[in-house]
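>
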Amino acid sequence: MLSLNKYSKDENRRNSEKYKPRKVINQDSYICMRKNSKTEKVKGPNDDIIEILTELLNYYQLIKSEWRMMSYQKAISAIKRYPNKISSYKQAKSIFGIGDGIAKKIEEIVNTGTCKKLETFKKDKMNNVLKIFIQIWGVGESTAKKWYNKGYRSIDDILKNEHLTYHQKIGIQLYNEFKERMPREEAEEISKQVQTIIQTQYDPDLQFYTMGSFRRGLPTCGDIDIIITKNDNLDPELLYDVVKILKQNGLLTHDLSFSRKNSEEHTKYMGVAQLPGHKHRRIDLLIVPWDELGAALLYFTGSDIFNRSLRLLARKKGWRLNQRGLYANVLRNTDASKITSGVLIASKTEKEIFDALEVPYCEPKDRDA
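Under the working numbering, read the sequence shown as residues 46 to 414, first letter to last.
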């Protein structure tokens, strides 16, 4: 069969030789360079410190403090690698990846068993309310803060006083169900039904991959992400047809979002699925071209921190990694918009991308950074 790849494997190899990556100092320190498994968790000497720093990280994620998030993620990763018990500021500060501020917090945790900053966060009424509001599907940080500033302190306050969008109504209606993680077995059954229904009623040659925490082997899933692909040209209306058939079979209950393919992202459907007698579950369906499957599998498997580490490493090498492939010579304007898409280095398989970045191939179960 004629290869459908935009670039042959030989051409990708020639591109990687032509656009040689920059040498990265301390590449071994990147999270993506080692196994990170939650299914094989080993107790470490500094788990008490990691637990408190992770709680602080969660709060910074809530308020979208990007640089603090990166600092805490880097520090937590460094502590997990550190083989000895940390007992002082000086010792913490000497560890690569830990800055002055976090080293001081570590000393406080060592001496007191807690951290004043964390206790302040826990007592902060605004943070606690925003945490509830932001968990409503269709509600972002700005909307949550606007509601808080209007005096709303509960979901009941919102329902009584606010004119909600269609998506926000669904988010509130299914709030408790969306919050609850589903057992792996339930995610597997929904995925099997999607595949069986579409292969028997539409196209037996379509291939399906369940992504995210499911592919990483975790026992529970927050939602279900399914990649749909085929070793052939894909019908532009494929996703519309798939969604229509799944609705007719009663598996999909609500629509949330539908986005067309563009230069950065794939065609994507976001909705709600439900098995008989079970809770409503969030589901995303993505159409991925065959020649971009490796990059998409890598991107949508996660974890988020593992992927950030890979993308950062690619940038340090002078390349760019996204859900469509690994590229060299990407040019951007000062506003970060693309001038050129660059030259494809790898996209077809995950291993091609790992090899190009000189990162040891990592099984999905070992990417839970």
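Backbone N, C-alpha and C fix where the C-beta goes; we use that ideal spot for every residue, glycine too.
1. Based on Cα-Cα distance, which residue from K65, L297 and R229 lies nearest to R260?
2. DSSP three-state call for P146: helix, strand or coil?
3. Under 7 Å Cβ to Cβ from Q244, same chain only, skipping five residues before and after it: list those, please.
4. Taking all protein chains shown into account, do 16 or more other C-beta atoms lie within 10 angstroms of the C-beta of S48, making it buried, or fewer, making it exposed?
5. May I ask you to report which of helix, strand or coil DSSP gives I217?
6. How is H325 classed by DSSP in three states: helix, strand or coil?
7. Among K135, N172, K214 and Y406, which one has its Cα closest to the Cα of L101?
8. Over the uninterrupted beta strand (DSSP E) stretch that includes V174, give me the two end residues.
9. From G196 to E164, what does the alpha carbon distance come to, in whole angstroms?
10. Assuming A148 contacts Y127 (C-beta within less than 8 Å), just tell me the rounded distance between them.
11. Per DSSP, Y127 is paired with what?
12. Can you tell me which of Y254, A123, T255 and G370 puts its alpha carbon nearest to the alpha carbon of G387?
13. Helix, strand or coil: how does DSSP classify T43 here?
14. So is E397 buried or exposed if we call it buried at 16+ other beta carbons inside 10 Å?
15. If you pair each beta-carbon of the region 233-248 with each one of the region 292-311, do three or more pairs fall below 8 Å?
16. Pick helix, strand or coil for R198, following the three-state DSSP scheme.
In brief:
1. Checking every option, the nearest Cα to that of R260 belongs to R229.
2. Looking at the sequence shown, residue 146 is not Pro but Gly. The three-state secondary structure of G146, taken from DSSP, is helix.
3. If you ignore the 5 residues before and after Q244, its C-beta comes within less than 7 Å of the C-beta of L251, all in its own chain and listed in chain order.
4. Unreliable placement is indicated for S48, whose pLDDT of 37 sits below 50; the coordinate value is still reported in the next sentence. Exposed, since its Cβ has fewer than 16 Cβ neighbours within 10 Å.
5. In the structure shown, I217 sits in a helix (DSSP, three-state: H, G or I).
6. In the structure shown, the three-state DSSP call for H325 is strand.
7. With respect to the C-alpha of L101, the residue from K135, N172, K214 and Y406 having the closest C-alpha is N172.
8. DSSP places V174 outside any beta strand (DSSP E); the residue lies instead in the alpha helix (DSSP H), whose first and last residues are K170 to I179.
9. Rounded to whole angstroms, G196 to E164 spans 24 Å at the Cα level.
10. A Cβ-Cβ distance of about 12 Å is found for the pair A148 and Y127, leaving them out of contact under the 8 Å criterion.
11. DSSP output for Y127 lists no bridge partner at all.
12. Here the closest residue by C-alpha is G370.
13. With the chain covering only 46 through 414, there is no way to say anything about residue 43.
14. When all chains shown are included, E397 counts as buried.
15. Between the region 233-248 and the region 292-311 there are three or more inter-stretch CB-CB distances shorter than 8 Å, so the stretches are counted as touching.
16. Here R198 sits in coil by DSSP.
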